[in-house]
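As numbered in the numbering used here, the sequence shown has no gaps in its residue numbers, which increase by one up to the final residue, 462. Structure first, commentary second.
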Amino acid sequence: MITLFTNESFQFELEITLGTTYRQGADVGEVLTTAAAITDGDFAEGASLHCEPLASARRGQRIFDWLDGVGTASA
388 MITLFTNESF QFELEITLGT TYRQGADVGE VLTTAAAITD GDFAEGASLH CEPLASARRG
448 QRIFDWLDGV GTASA
């Protein structure tokens, strides 16, 4: 298996999240994009592990909000 993290805890969480893609619990592309932005083993700061998944969620929400507005605009 290919590992993206040397830290076992980070790698385990990544594999669990990737496993949810089978039942459409997550998107593989978003999971891997978010994982690429996380600093491996960054427990001291913890910012990337905590903030990157939230940033991905906010980005998706902004896209959906924009799409909602597109359908209601008048010509």
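Backbone N, C-alpha and C fix where the C-beta goes; we use that ideal spot for every residue, glycine too.
Inter-residue Cα distance where the pair is residue i and residue j
i	j	result
Phe-451	Ala-444	11 Å
Tyr-409	Thr-390	19 Å
Arg-446	Glu-417	11 Å
Thr-407	Ala-413	6 Å
Ala-424	Gln-448	19 Å
Asn-394	Trp-453	37 Å
Thr-404	Asp-455	28 Å
Val-415	Val-457	27 Å
Gln-411	Thr-420	17 Å
Cβ-Cβ distance between residue i and residue j below 9 Å
i	j	result
Asp-427	Phe-397	yes
Leu-401	Ala-422	yes
Mind pulling the alpha helix (DSSP H) runs of 4 or more residues that sit fully within the segment 396 to 434?
415 to 424
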